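Worksheet: one structure, shown below.
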Amino acid sequence: MNMAKIHLNMITQRSIEEGAAMEQGKTNPNYFIACTVCEMNPEDMKKAGIWKNTNVKVTSECGTVIVKAIEPTQYCPPGLAHIRQGVWANQVVPPRTQSTGTPQYSGFPVTIESAPSERIKTALELVQGAVGLWQGGKI
Amino acid sequence: MPKLIKGVGCPYCGSSCDDIEVLVSDDETKILEVHNACIIGTNLFHHANDPTRPRLPRRRQPDGSMKEIPYDEAIDYMAKTMLAAKKPLVYGFGSTNCEGMSAVARIAEKSGAVLDNCATICHGPSFLAIFDNGYPSCTLGEAKNRADVVVFWGCNPMHAHPRHTSRYSIFPRGYFTQKGQMQRTVLCVDPRETDTAKLADHHLMLDQGHDYELFDAFRTVLRGFEIPDVVAGIPKETIKKSVEIMKNAKFCMIFFGMGCTHTDGRNHNIDAAISLTRDLNTHTKASIMAMRGHYNIAGPGQVWAWQFGFPYCIDLSKGTHAHMNPGETSSVDLAMRDEVDCFVNVGADAGAHFPIQPVQHLKKHPFITVDPNFNMASEISDLHIPVRIAGVDEPGVVYRMDNVPIQFRAVIKGLPGVPSDEELFNKVYERMCELTKTEPIWLAAKEDRRYPESEAVI
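Top to bottom, those sequences are chains A and B. Mapping of the first sequence onto this note's numbering: position 124 corresponds to residue 175, and the numbering continues sequentially without gaps. Mapping of the second sequence onto this note's numbering: position 372 corresponds to residue 375, and the numbering continues sequentially without gaps.
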């Protein structure tokens, strides 16, 4: 298997799928489905040896997250990747604010590599896990 | 017989649609149908029916589990924890009414807290630019009735404000825009071909993060100077053509969003956008508006500016005067520097929407969530206090994205025993006064707000 990595510019923004699922509750399966995707250009997928609809590991300067690589639902040019705003995106969003209070939600460098055997964690597992409260259970 | 309630406000996005119709059950406890709303609003109203909605506060136990406790105990814990903290941080208010925002200010002042709202991770940079450069804005009604050129810069209303384009910006027929969409030229500036960009007549697909250069190029062309052949990935000719369209408009409306405030440049991008609007006004009429995210996120900006003189990042820990300095007194920066020792999350979800590092820092100290539903913040909290849902089972004043106040109504009866934000914060304030042996000061704009009539909290 090609273990190439690709360096992309990441943005994390709203999508209606995310908004609609969020209002059903953040532990709702629809929220998981809506937010655990990384949209990237097919050209970039090819370069990194990533099959569409398989899991990838996204690494930024401050964290990593496993999500599913998909072809963009809204066209993304090569070089740009998009994870929908939410729990998964915020595992890799740098908290630096340029002294304005607003973190770098858009426009930060990430490395994306194929990780087909890795599991995508649930929202609760990620957030409770980050603060030492995750006790297993609801997956 | 189910009742159809008309003229209901939608408590989701900044469009604050007030033409929703909701069909409720005979006993006014269930929402049966939602008409006119977008999918997000529809889901929001239906979610209020969720039988698992929390009805009692929950306190975290030593083994990590949550246990239901009475409201009195929760109020006592919240009052004592906030008073004991040297510098509590009260954050949120994306989804509550102005009455709640006003009431929370009393407990923030009493406990010497930092008071911040969701704008801090959203349109905070826009505030900074507005302080520096002014805000030549208008209401959405003016945009609907006058704008014949509409620019969406770094915003995607088809996803974030689904009914914005049909109610205000692209499709509606207004007084001077009777042909609706046929009469409007729509420009979209976005690094992706978003669904809004697909609607636009011209899509400028700029290089991500180069908004400032592009705004500057627009201004340079407008002032009659030459620009390089390509700026921010956009060819000179396209920029010139776009400027011509904006210049020849009868009324040019610029909407900007997170694409400008979340990326490099932050407030400087908005600064340039405001300057561009000012420059355009030497040729025609032009106006600019921030695409505020939530139905009442303009509310804390209004309410707290009356109370303390600042819209967000308000440090009240000095005890003598309010102090605001984003970067220093903003939630994420305070958390990253470990400068707060208690966190209160109200009507927002810091657990899901802050980057994870500040959440880890905040969790080192007491963590309280006030929210009608379970969310990521509530699931890591030491205390979760449920309240009524503003705009669904609690009425109140909200400020739309253009700072127009709208009275929202309640469509169903609240869960028995569950207070509104305002009632809860008033009780906490009273408890704080008891604990500190001081007299409560009830300075309120409305006399009937002194002691809310509802006996929900017993």
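The C-beta atom is built at its ideal place from N, Cα and C for all residues, glycine as well. All figures in this text were calculated on a predicted structure; none of them were measured in a lab.
If you drop the 5 nearest sequence neighbours on each side, which residues of the same chain put their C-beta closer than 7 Å to that of residue i?
i        : result
HIS286/B : LYS250
LYS9/B   : GLU24
GLN184/B : ILE173, PHE174
VAL224/B : ILE230, ILE242, LYS243, VAL246
VAL182/A : none
GLU69/A  : ALA85, CYS86, ARG135, GLN136, GLY137
Among the options, whose alpha-carbon lies nearest the alpha-carbon of residue i?
i        : options                                : result
PRO14/B  : ASP396/B, LYS416/B, PRO443/B           : ASP396/B
ASN141/A : GLU68/A, LYS119/A, SER157/A            : SER157/A
ILE121/A : GLU169/A, THR115/A, GLY183/A, CYS89/A  : CYS89/A
LYS430/B : LEU47/B, ALA88/B, VAL107/B             : VAL107/B
ILE117/A : GLY183/A, GLU68/A, GLY152/A, GLU164/A  : GLU164/A
MET339/B : VAL362/B, HIS324/B, LYS321/B           : VAL362/B
THR63/A  : THR87/A, LYS56/A, PRO80/A, GLU74/A     : THR87/A
PRO443/B : ILE110/B, THR168/B, ASP22/B            : ILE110/B
ALA88/B  : ASP119/B, PRO139/B, VAL343/B           : VAL343/B
ASP403/B : SER98/B, ASP53/B, VAL27/B              : The sequence shown places Arg at residue 403/B, not Asp. Nearest of SER98/B, ASP53/B, VAL27/B to ARG403/B, Cα basis: SER98/B.
LEU131/A : TRP309/B, ASN348/B, GLU196/B, SER333/B : GLU196/B
PHE377/B : LYS103/A, THR124/A, GLN149/A, ASN79/A  : ASN79/A
PHE134/B : ALA355/B, GLY304/B, LEU319/B           : GLY304/B
ILE34/B  : MET81/B, ILE43/B, PHE48/B              : PHE48/B
THR124/A : GLN181/B, LYS201/B, ALA380/B, MET81/B  : LYS201/B
Please list, in chain order, all residues of the same chain as residue i whose beta carbon is under 6 Å from its beta carbon, the five residues on each side excluded.
i        : result
ARG166/B : SER18, CYS20, CYS41
ALA150/B : PHE254, MET256
HIS265/B : none
HIS213/B : ALA235
HIS476/B : Summary: the structure shown does not reach residue 476/B, with chain B confined to residues 4 through 461, and so no result is reported for it.
ALA413/B : ASP396, GLU397, PRO398
THR105/A : PRO167
Do you know offhand how far residue i's Cα is from residue j's?
i        : j        : result
LYS172/A : GLY137/A : 13 Å
PRO128/B : ALA275/B : 12 Å
SER245/B : ALA203/B : 12 Å
GLY296/B : THR280/B : 22 Å
PRO175/B : HIS58/A  : 43 Å
GLU382/B : THR55/B  : 15 Å
ARG147/A : PHE179/B : 45 Å
PHE221/B : PRO238/B : 12 Å
TYR298/B : ARG61/B  : 28 Å
VAL152/B : LYS77/A  : 38 Å
LEU131/B : THR441/B : 37 Å
VAL306/B : ASP198/B : 34 Å
THR142/B : TYR171/B : 10 Å
ASP405/B : CYS345/B : 33 Å
PRO375/B : PRO369/B : 20 Å
ALA55/A  : GLU169/A : 16 Å
ASP30/B  : GLY394/B : 18 Å
MET294/B : GLY227/B : 30 Å
TRP156/B : PRO139/B : 16 Å
Using 8 Å for Cβ pairs, my map puts residue i next to residue j. What's the rounded Cβ distance?
i        : j        : result
TYR215/B : HIS271/B : 6 Å
PHE254/B : VAL154/B : Wrong, their Cβ atoms sit about 12 Å apart, outside the cutoff.
ILE359/B : GLY114/A : 6 Å
ALA116/B : PRO91/B  : 4 Å
GLY302/B : VAL401/B : 6 Å
PHE411/B : GLY12/B  : 4 Å
ILE415/B : VAL37/B  : With 8 Å as the limit, ILE415/B and VAL37/B do not qualify as a contact, their Cβ atoms being about 12 Å apart.
Excluding the 5 residues preceding and the 5 following residue i in the sequence, name in chain order all residues of the same chain whose CB lies nearer than 8 Å to its CB.
i        : result
ASP79/B  : ARG434
LEU86/B  : LYS113, SER114, MET435, LEU438, THR439
TRP185/A : LEU175, GLU176, GLN179
MET69/B  : ARG61, ARG62, ARG63, HIS387
GLU102/B : GLY399, VAL400, SER423, ASP424, GLU425, ARG452
PRO160/A : HIS58, LEU59, ASN60, MET61, SER111, GLU112
ASP341/B : HIS364, LYS367
Which word fits residue i, buried or exposed, when buried means at least 16 other C-beta atoms lie within 10 angstroms of its C-beta?
i        : result
GLN155/A : buried
ASP232/B : exposed
THR188/B : buried
ASP336/B : buried
PRO57/B  : buried
MET292/B : buried
ILE190/A : The predicted model places ILE190/A with a pLDDT of 43, which falls under 50 and marks its position as unreliable; any figure quoted below should be read in that light. Exposed is the call here.
MET4/B   : exposed
PRO194/B : buried
LYS147/B : buried
GLN211/B : buried
PRO419/B : exposed
PRO160/B : buried
LEU7/B   : exposed
ALA308/B : exposed
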